[in-house]
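Residue numbers (the numbering used here), protein chains in the order written: chain A, 1 to 198; chain B, 199 to 300. From the three backbone atoms N, C-alpha and C, an ideal C-beta is built for every residue, glycine too. All figures in this text were calculated on a predicted structure; none of them were measured in a lab. Read the structure below first, then the notes.
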């Protein structure tokens with residue numbers, strides 16, 4: 001894409017500032033609903049960074065899948081397990097947080113040193129105008145088997161999530177009188193709905 | 199001029215924030231959010247390499263699409279597990295999921 005270099009640099013600065021700020025908010029906010037919405041901010045700024053990297057299809061897929069599916073799924077999970085509870089502070093909790101912060105700073109230093117010191121073989125060819133046609137060629141020729149396996153994996157994950165999130169199966173179900181009207185419904189234990197703590 | 203190193207350093211920072219959240223957070227849903235952050239950092243690495251080193255055969259973008267698909271499956275199964283544990287233990291505190299602790 002023909003965007004001037006200065007514009008790209010400024011855009012990258014803004015996007016990375018937004019991304020890191022929102023990621024810190026995801027980790028550090030006490031209220032988890034704020035964290036979920038800031039996670040959407042991280043995903044959207046990541047999609048902007050993909051546009052800077054000449055990847056239009058993956059940017060759209062990022063917004064569709066992450067913001068549209070995963071973030072909404074996380075919000076639903078927060079709503080379903082919404083119980084106000086104050087976590088008891090651990091003894092030596094500050095020691096754990098301080099040590100893991102040190103380790104994270106060490107990993108960051110290591111990774112950035114490696115990425116600066118390594119002589120990358122930067123290609124000088126101009127990037128493609130659109131990435132959709134080469135992506136489709138990859139998906140239907142040399143990456144066809146992983147592409148089809150991904151669909152089977154998604155089906156397995158969907159069935160597994162349904163099985164895991166269902167309520168308990170009643171093993172000692174009375175087998176004699178199987179009523180006909182619920183032959184299409186899975187048997188599950190009746191359970192009273194949890195009230196909302198006021 | 200934008201260089202590959204900027205994207206790599208940004209991805210490294212995001213990955214380290216993800217590790218910090220993964221270890222320190224008590225809420226199980228926040229742990230899953232931190233895993234999503236780390237997966238996004240890996241995706242950013244793949245996209246940077248795909249654009250700067252391999253701009254014609256964009257195989258990094260192919261791998262990014264696969265990682266996005268795996269992340270969707272992982273989020274669905276992970277949140278189902280969190281719901282199931284919440285029904286059993288009536289809490290989402292990671293420190294109280296000690297059924298397998300000896």
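Beta-carbon contacts of residue i that lie in its chain and below 7 Å, excluding the five residues immediately before and after
i                      : result
residue 237 of chain B : 265 and 269
residue 210 of chain B : none
residue 125 of chain A : none
residue 147 of chain A : 139
residue 248 of chain B : 256, 257, 258 and 259
residue 26 of chain A  : 35, 38, 39 and 42
residue 32 of chain A  : 78
Local Cβ density within 10 Å of residue i, reported as buried at 16 or more and exposed below that
i                      : result
residue 277 of chain B : buried
residue 52 of chain A  : buried
residue 119 of chain A : exposed
residue 195 of chain B : The structure shown does not extend to residue 195 of chain B, since chain B is modelled only from 199 to 300, so the question has no answer here.
residue 246 of chain B : buried
residue 228 of chain B : buried
residue 205 of chain A : With chain A running from 1 to 198 in the structure shown, residue 205 of chain A is simply not present.
residue 23 of chain A  : buried
residue 231 of chain B : buried
residue 208 of chain A : Outside the displayed range of chain A (1 to 198) lies residue 208 of chain A, so it cannot be described from this structure.
residue 136 of chain A : exposed
residue 206 of chain A : Because chain A is modelled from 1 through 198, residue 206 of chain A falls outside the range shown and cannot be assessed.
residue 90 of chain A  : exposed
residue 273 of chain B : buried
residue 5 of chain A   : exposed
residue 222 of chain B : buried
C-beta neighbour in chain A for residue i, strict 8 Å
i                      : result
residue 215 of chain B : yes
residue 228 of chain B : yes
residue 264 of chain B : yes
residue 236 of chain B : no
residue 224 of chain B : yes
residue 257 of chain B : yes
residue 212 of chain B : yes
residue 298 of chain B : no
residue 233 of chain B : no
residue 275 of chain B : yes
residue 221 of chain B : yes
residue 240 of chain B : no
Chain-order list of residues whose beta-carbon lies under 8 Å from that of residue i (same chain, five-residue window excluded)
i                      : result
residue 95 of chain A  : none
residue 198 of chain A : Reliability of the predicted coordinates at residue 198 of chain A is poor, the pLDDT of 46 falling under 50, and the value obtained from them is presented with this limitation in mind. Counting only Cβ-Cβ distances below 8 Å, and skipping sequence neighbours, we find nothing.
residue 131 of chain A : 54, 55, 56, 57 and 58
residue 252 of chain B : 258
residue 244 of chain B : 258, 259, 261, 262 and 265
Per DSSP, cross-strand counterpart(s) of residue i
i                      : result
residue 225 of chain B : B:291
Neighbour flag for residue i against chain B, beta carbons, 8 Å
i                      : result
residue 95 of chain A  : no
residue 200 of chain A : Since the first residue of chain A shown is 1 and the last is 198, residue 200 of chain A is not available in this structure.
residue 91 of chain A  : no
residue 24 of chain A  : yes
residue 67 of chain A  : no
residue 136 of chain A : no
residue 19 of chain A  : yes
residue 122 of chain A : yes
residue 133 of chain A : no
residue 198 of chain A : With a pLDDT of only 46 at residue 198 of chain A, under the threshold of 50, the placement of this residue in the model should not be trusted; the figure read from the coordinates follows. Closer than 8 Å: no.
residue 35 of chain A  : yes
residue 73 of chain A  : yes
Closer than 7 Å: residue i CB and nearest the ligand NAD heavy atom
i                     : result
residue 99 of chain A : Within the structure as shown, the ligand NAD is missing, as the structure has no ligands at all.
Own chain, CB closer than 6 Å to residue i, minus 5 neighbours either side, in chain order
i                     : result
residue 45 of chain A : 15, 18 and 19
- Message: Please list, in chain order, the residues of the region 46–65 of chain A that have any C-beta partner in chain B closer than 8 Å.
- Response: 46, 49, 50, 52, 53, 54, 55, 57, 58, 61, 62 and 65
- Message: Along the region 6–17 of chain A, where does the CB come closer than 7 Å to a CB of chain B? Name the residues.
- Response: 8, 9, 12 and 16
- Message: If the cut-off is 9 Å on Cβ atoms, which residues from the region 143–159 of chain A count as contacting chain B, listed in chain order?
- Response: 143, 146, 147, 150, 151, 153, 154, 156, 157 and 158
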